[in-house]
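Chemist: Dropping the structure in here first, questions after.
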Ligand SMILES: Cc1cc2nc3c(=O)[nH]c(=O)nc-3n(C[C@H](O)[C@H](O)[C@H](O)COP(=O)(O)OP(=O)(O)OC[C@H]3O[C@@H](n4cnc5c(N)ncnc54)[C@H](O)[C@@H]3O)c2cc1C
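Numbering (the numbering used here), first residue to last: 1 to 372.
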């Protein structure tokens with residue numbers, strides 16, 4: 001398809017910067033670009049009728065890391081990198097909360113809880129023993145210690161001891177994205193939905209080739225397609241992973257007060273009003289979950305249902321109202337990628353399972369680099 005003269009003249013116009021992907025990272029980058037240079041024309045291209053990655057499909061935990069996960073990360077990538085990443089997540093959350101206020105985010109400082117299986121006593125013990133060290137290393141986050149030992153809430157058939165995180169909360173991803181889209185519109189950022197990009201060509205004025213065949217160009221291009229990034233930039237060390245969730249019908253009594261992490265965050269559950277959202281299980285889905293295709297599978301959904309009925313809401317008959325999935329971008333290191341991949345073409349991707357905490361900061365840093 002070819003654009004008409006009228007479309008080119010008014011609906012598209014000349015672009016200074018094209019951002020690909022209207023998730024949290026892409027939209028915060030676009031906002032920051034416009035804030036730094038209001039005269040610049042910014043175009044965001046999104047393949048879906050709505051953003052179709054993770055930002056509108058996630059669980060809304062504003063997580064910075066639970067001890068079980070941090071200890072595993074320390075073993076894999078060392079203490080310094082792990083603590084720096086926690087600090088970065090925490091600062092990222094503050095940036096998100098100052099960009100959009102807590103009401104707009106549907107943010108609630110509930111704290112967070114890591115729970116353990118009864119048979120994971122040794123793991124629980126090593127986490128509990130590490131708390132003074134973890135709290136000391138993370139003391140710059142605030143006066144209150146990050147982690148404290150407590151009880152797993154009544155009704156959960158898990159080890160009775162749990163670890164609470166005072167710096168975590170829950171938000172409403174739909175509200176967050178709605179507020180970002182509204183802000184972008186108010187600032188005059190153009191967003192085209194249903195505009196999948198098929199290929200890129202780096203250069204003095206890089207080209208963005210749409211799936212429909214038309215080519216757009218700009219001074220700079222930012223790829224913020226996260227789990228889908230290798231479709232456009234195959235050289236990036238990132239792979240897509242699917243995460244599935246389910247949501248119950250409203251319960252007569254809400255048992256959950258905070259967000260919960262289980263098995264180093266591979267499972268998570270939280271209250272959503274009177275409902276419970278439960279997700280994860282990608283470690284059990286095997287190779288089938290290493291995909292950039294949205295979809296649901298029986299093994300993962302059955303495991304989530306089992307967890308719901310045996311652990312989260314034992315003995316309760318609960319209807320499942322909705323199920324969906326989203327795509328994460330992960331890699332060998334738990335660190336986002338921000339770099340110029342081809343002349344004029346930058347990537348800001350690989351946010352892992354904690355993109356809410358990292359997305360705003362990464363988007364803003366990407367914008368600063370692009371204009372820097
Ligand atoms: C089920 C689930 C639960 C999660 N829970 C949490 C949580 O509780 N807390 C947390 O911090 N993180 C969570 N995450 C991770 C978090 O949602 C992501 O890290 C974050 O949203 C990534 O934001 P992004 O903008 O970088 O990427 P995305 O939101 O994935 O945005 C990328 C966008 O690019 C678009 N796109 C892709 N290819 C193209 C193309 N060729 N042309 C045009 N557009 C394209 C996609 O449609 C998408 O809208 C979860 C993820 C999932 C899937």
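Where a beta carbon is used, it is the ideal one built from N, C-alpha and C, also for glycine.
Could you tell me whether any non-hydrogen atom of ligand 1 is closer than 7 Å to the CB of residue 176?
Modeler: False, no ligand heavy atom lies under 7 Å from that Cβ.
Chemist: Per DSSP, what kind of secondary structure is residue 286 in: helix, strand or coil?
Modeler: The answer is helix: DSSP assigns residue 286 an H, G or I state.
Chemist: Taking C-beta to C-beta, are residue 249 and residue 329 nearer than 8 Å?
Modeler: No; because the gap between Cβ atoms is not below 8 Å, this pair is not in contact.
Chemist: Considering only the beta carbon of each residue, do residue 198 and residue 191 sit closer than 8 Å?
Modeler: No, the pair does not count as a contact, with Cβ atoms beyond the cut-off.
Chemist: Across the stretch 39–54 and the stretch 13–26, are there enough close Cβ pairs to call them in contact, namely three or more that are closer than 8 Å?
Modeler: A contact exists between the stretch 39–54 and the stretch 13–26.
Chemist: Quick one: Cα of residue 342 to Cα of residue 331, how far?
Modeler: Answer to the nearest angstrom: the Cα atoms are 20 Å apart.
Chemist: Classify residue 86: buried if its beta carbon has 16 or more other beta carbons within 10 angstroms, exposed otherwise.
Modeler: Residue 86 should be labelled buried.
Chemist: Since residue 119 sits in a beta bridge, which residues does DSSP pair it with?
Modeler: Its beta-bridge partners do not exist; DSSP assigns none.
Chemist: What does DSSP give as the partner residues of residue 201 in its beta bridges?
Modeler: The partner list for residue 201 (beta bridge, DSSP) reads 207.
Chemist: Please state whether DSSP places residue 151 in a helix, a strand or coil.
Modeler: Three-state DSSP puts residue 151 in a strand.
Chemist: Within 8 Å, do at least three Cβ pairs link the stretch 230–246 to the stretch 337–354?
Modeler: The answer is yes - the stretch 230–246 touches the stretch 337–354, with three or more Cβ pairs under 8 Å.
Chemist: Just checking residue 47 against ligand 1 - is the residue's beta carbon closer than 7 Å to any of the ligand's heavy atoms?
Modeler: True, at least one ligand heavy atom lies under 7 Å from that Cβ.
Chemist: Applying the 10 Å Cβ sphere with the 16-neighbour rule, what's the burial state of residue 143?
Modeler: So residue 143 ends up on the exposed side.
Chemist: For residue 108, which residues in the same chain have their Cβ closer than 7 Å to its Cβ, ignoring the five residues on either side in sequence?
Modeler: So the qualifying residues of the chain are 169 and 170.
Chemist: Ligand 1 and residue 150: does the residue's C-beta get closer than 7 Å to at least one heavy atom of that ligand?
Modeler: No, since every heavy atom of ligand 1 falls outside the 7 Å radius drawn around the Cβ of residue 150.
Chemist: Of all the alpha helix (DSSP H) runs that stay within the bounds of the stretch 67–148, which reach a length of 4 or more residues?
Modeler: DSSP runs (the alpha helix (DSSP H)) wholly in the stretch 67–148: 67–77, 79–99, 102–105 and 121–137.
Chemist: So for residue 34, helix, strand or coil by DSSP?
Modeler: In this structure, residue 34 counts as helix in the three-state DSSP scheme.
Chemist: If you measure from the CB of residue 100, is any heavy atom of ligand 1 nearer than 7 Å?
Modeler: Residue 100: no, Cβ never under 7 Å from ligand 1.
Chemist: How many Å lie between residue 39 and residue 112 at the Cα?
Modeler: Going by the C-alpha atoms only, they are around 42 Å apart.
Chemist: Sorted by chain position, which residues of the same chain lie with C-beta nearer than 6 Å to residue 96's C-beta, five sequence neighbours on each side aside?
Modeler: The answer, listed in chain order, is 360.
Chemist: Does the beta-carbon of residue 118 have 16 or more other beta-carbons within 10 angstroms, so that it is buried, or is it exposed?
Modeler: Under this definition residue 118 is an exposed residue.
Chemist: Is the closest heavy atom of ligand 1 to the C-beta of residue 243 under 7 Å?
Modeler: True, at least one ligand heavy atom lies under 7 Å from that Cβ.
Chemist: Which word fits residue 125, buried or exposed, when buried means at least 16 other C-beta atoms lie within 10 angstroms of its C-beta?
Modeler: Residue 125 is exposed by the Cβ-count criterion.
Chemist: Leaving out the 5 sequence neighbours to the left and right, which residues in its chain are closer than 7 Å to residue 18 when beta-carbon positions are compared?
Modeler: Counting only Cβ-Cβ distances below 7 Å, and skipping sequence neighbours, we find 43, 45, 208, 216, 218 and 221.
Chemist: Where do the N-terminal and C-terminal ends of the beta strand (DSSP E) with residue 165 fall, by residue?
Modeler: First-last of the beta strand (DSSP E) with residue 165: 161–165.
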